[in-house]
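Protein chains in written order, with full-length UniProt numbering: chain A, 1 to 186; chain B, 1 to 186; chain C, 1 to 186; chain D, 1 to 186.
Here the structure is laid out as structure tokens; the discussion comes afterwards.
There are 4 protein chains.
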Amino acid sequence: MNEKKQLLLNAALKLFVEKGFHGTSTSEIAKTAGVATGTLFHHFKTKQELINSLYLYTKEQLLIAITIDYQDSEQFKSNLKRLWLNFTHFGIEKSDMYQFIIIFHSSPYITSLTKEQAETRFDDLLTFYRKGIENQEIKTVKDEMMVEFFLGTIFSTVNYFTKHPERLNEKNMNLSFELFWDGISK
Amino acid sequence: MNEKKQLLLNAALKLFVEKGFHGTSTSEIAKTAGVATGTLFHHFKTKQELINSLYLYTKEQLLIAITIDYQDSEQFKSNLKRLWLNFTHFGIEKSDMYQFIIIFHSSPYITSLTKEQAETRFDDLLTFYRKGIENQEIKTVKDEMMVEFFLGTIFSTVNYFTKHPERLNEKNMNLSFELFWDGISK
Amino acid sequence: MNEKKQLLLNAALKLFVEKGFHGTSTSEIAKTAGVATGTLFHHFKTKQELINSLYLYTKEQLLIAITIDYQDSEQFKSNLKRLWLNFTHFGIEKSDMYQFIIIFHSSPYITSLTKEQAETRFDDLLTFYRKGIENQEIKTVKDEMMVEFFLGTIFSTVNYFTKHPERLNEKNMNLSFELFWDGISK
Amino acid sequence: MNEKKQLLLNAALKLFVEKGFHGTSTSEIAKTAGVATGTLFHHFKTKQELINSLYLYTKEQLLIAITIDYQDSEQFKSNLKRLWLNFTHFGIEKSDMYQFIIIFHSSPYITSLTKEQAETRFDDLLTFYRKGIENQEIKTVKDEMMVEFFLGTIFSTVNYFTKHPERLNEKNMNLSFELFWDGISK
DNA sequence: TATGAATGAGTGTTCATTCAT
DNA sequence: GATGAATGAACACTCATTCAT
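This is the structure we're talking about:
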């Protein structure tokens, strides 16, 4: 990707999270990126196109982060834990991207086409869960409820360790995962 | 409260949730409320004062909703469940207020003074949890993590039933609570 | 005059001089006067009517101040000096009224009708001068130039003693008058 | 200077003199200058910055006008007369700039920093006068009083010839100067 | 007579977007 | 591709004025 385009995406990510879509002006994005205002509109036709690009970009980064070390051979719990931990660490370490996804997931600025493009790549998650349910390791609950619970506990954990970064260690992280696992396991 | 002031709060609540703070113009709020733009500024000195008033108002409504039938005499689990269910029902039924609190909880438009005013009334939650922990019914985990997990599972559940309202019934709601309870209990 | 009406005139005088006509809001005038906004509009149909009333009022006060001890019997110079000193003292002591007259003398907010009403009472000044000229005590210069010179030197003197109030004494005041008198006398 | 910036200064000068600072809207200035409202704020951050720029600009023009043909070699009276006449002609011919300086000299819209910047260049006036006083050609009166008298008689003269332009000729102008000179000379 | 809530046109200023260079 | 001056619609907020009490 063009260097200035990447600078613009980085600046926009930071500012959109901090001040929202309408709270951030294109001139401020350009200034933060260190380019002229006109340059922004060379790379993105409109402000909306910029935020949609950003949405696809951050979702892609999330997908990479959570599937980087996926190993189908493993046990269900290990595999799930790996996924959960990767997601949670992404939330803590790539705070801006994680926040961005949460805030703009259900915002009107992201077109449904963009959401669709981003979502298709996440469908494997459900498939994966279904296997676990069929294997009877976890409770018989609707797929969608499971996904929500999965996300909700990650949300809790990210929030907790963001507010108390000094408590972030393997032991506490495992404790947090156990809250989730004991909730869903039979 | 003055009738027009209440109309303005209602309109602002709906619009801020739908389109964000900067995405909602004061003239739109006034029009939605059915009053003149000047009237908004007669009751609230600035747009910021309006959203701060709204924050205090919604937090107050939440507090009323979750503590309405509190009974100290009950068992820890029943009491916790009652709280969890009240909160979750508030999230589903008073969707706008619930969303508003979530969205603007960590927004820069709400002043720290306002947050402080609102938060003091929620301190009992922690006190309540501490009793349960001391009674050894639930896992030994930091207070703050417990609160986050409590809120995270409510978040999951509200999201789920909002997306699938046809599945909202006592049985499914109990199932959701069990995900939470089995997570935290020893 | 009604007490609240007088309070409003006083407040308006002070504020109009300080911040100008458009720079002063009717609500600020009312607040400074200690009355409700509606009350202002009970006594003055519009803001313009208020400033026109104020113009007539201040001009009247000026006229009273400069003619209070007029004595036709005196010599021309004594009489002129008396007038000049009264005017100058008015400018120093009733600073707000003096400033108001200067600022709004040629402003579009004062209607020509108002100016006419105020001016008719000042016509004696010219008559008075004509006598002096005929008596050959002072230079043969157009009436209107004389009036301007008269006002200009008062303007100088008021400015000077307003900036340096500690220098205000009879000797210095006489020196200032001599600048004027030596200028016009033959 | 940028062409549109100059157009804006010209329009603002005319309108501020005519209708005052608050009486003139930025949109009217832009329209009069023939540019878009946004353009005004592209060149001047605020309306205040515009009027401050204007103040520096008009003072600079005045300084140029009154010192253009200064010749130290001349006699005190000739030199003073030249200065007095230049100033007076500036007042009559550059009426808007002259009026602007008078009106906004003591207005709260001009910051003290701006006044300071403008004033430093006028200090030579006083130095010049001191020489005359030391040479005993004119009365022993405080510097500051002399300056005020100087300005006051210019004020008179400008007013007179502005109201009676048909009387403007060398003879009458010399008569006016004599009023001033006979006032200050021994 | 006095009040102050209500009005809506108008204000200073911002901002996404365009376009000539 | 990159720039930044220029645009004008839209924004938060103000204000003279009205009117029911």
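Here a beta-carbon is modelled for each residue, glycine too, at the ideal position from N, C-alpha and C.
- In the displayed model, B/Ser107 falls within coil according to three-state DSSP, outside both helix and strand.
- The alpha-carbon of D/Asn159 is positioned some 7 Å away from that of C/Glu148.
- The beta carbon of C/Lys115 sits no closer than 9 Å to any beta carbon of chain D.
- Under the Cβ criterion (8 Å, minimum of three pairs), the stretch 106-121 of chain C does not count as touching the stretch 129-144 of chain D.
- The Cβ atoms of C/Ile66 and C/Phe87 lie closer than 9 Å to each other.
- Interface criterion not met: the Cβ of B/Tyr98 is under 9 Å from no Cβ in chain A.
- Within the same chain, and ignoring the five residues on either side of D/Val17 in sequence, the residues whose Cβ sits closer than 7 Å to its Cβ are Asp96, Gln99, Phe100 and Ile103.
- In this model, D/Tyr70 and D/Ser78 are separated by some 10 Å (Cα to Cα).
- Within the DSSP secondary-structure output, B/Ile184 pairs in no beta bridge.
- Taken through DSSP and simplified to helix, strand or coil, A/Ile68 comes out as coil.
- Interface with chain D (9 Å Cβ-Cβ cutoff): C/Gly132 is excluded.
- Relative to the Cα of A/Glu144, the nearest Cα in the group B/His89, B/Thr153 and B/Lys163 belongs to B/Lys163.
- A/Asn52 counts as buried, since at least 16 other C-beta atoms from the protein chains shown sit within 10 angstroms of its C-beta.
- Distance from the CA atom of D/Leu63 to the CA atom of D/Asn10, rounded to whole angstroms, is 18 Å.
- Annotation: D/Lys142 to D/Leu113 spans about 27 Å, alpha carbon to alpha carbon.
- For D/Phe149, the closest Cβ of chain C is nearer than 9 Å.
- Chain C has a Cβ within less than 9 Å of the Cβ of D/Asp182.
- When the five nearest sequence neighbours on each side are left out, the beta carbons in the same chain lying within less than 7 Å of the beta carbon of A/Leu15 are those of Thr24, Glu28, Ile29 and Thr32, in order along the chain.
- Taking D/Gln48 as reference, the option from D/Gln75, D/Ile68 and D/Gly20 with the minimal CA-CA separation is D/Gly20.
- With fewer than 16 other Cβ atoms from the protein chains shown falling within 10 Å of its own Cβ, C/Thr37 counts as exposed.
- Judged by beta-carbon spacing, B/Leu80 lies beyond the 9 Å limit of B/Phe155, meaning their Cβ atoms are not closer than that value.
- Between B/Phe76 and the set B/Thr120, B/Glu60, B/Ile133 and B/Ser176, the nearest pair of CA atoms involves B/Ile133.
- With respect to C/Lys59, C/Ala118 sits close: the two C-beta atoms are nearer than 9 Å.
- Not one beta carbon of chain D lies nearer than 9 Å to the beta carbon of C/Leu62.
- Not flagged as an interface residue toward chain C: D/Val35, since no C-beta distance is shorter than 9 Å.
- Legend: CB atoms of the stretch 15-35 of chain A lying less than 9 Å from CB atoms of chain B belong to residues Glu18, Lys19, Gly20, Phe21, His22, Gly23 and Thr24.
- Closest in alpha carbon position to D/Val35, among D/Ala12, D/Glu170, D/Tyr55 and D/Met146, is D/Ala12.
- At a cut-off of 9 Å between beta carbons, C/Asn79 makes no contact with chain D.
- Rounded to the nearest angstrom, the gap between the Cα atoms of B/Glu74 and B/Asn174 is 18 Å.
- By the CB criterion at 9 Å, D/Leu168 and D/Ile92 fall inside the cutoff.
- For A/Asn169, there is no enclosing alpha helix (DSSP H), since its DSSP letter is neither H nor E.
- Scanning its chain for C-beta atoms nearer than 8 Å, with the 5 sequence neighbours on each side dropped, one finds around D/Leu85 the residues Met173 and Phe177, in chain order.
- Neighbourhood of D/Gly152 in chain C, by CB distance below 7 Å: Gly152, Thr153, Phe155 and Ser156, in chain order.
- According to the DSSP assignment, C/Phe90 belongs to the alpha helix (DSSP H) that extends over Phe76 to Glu93.
- Residue-level contact by beta carbon holds for B/Tyr160 and chain A, with a gap shorter than 9 Å.
- Chain C places no beta carbon closer than 9 Å to that of D/Pro165, leaving this residue out of the contacts.
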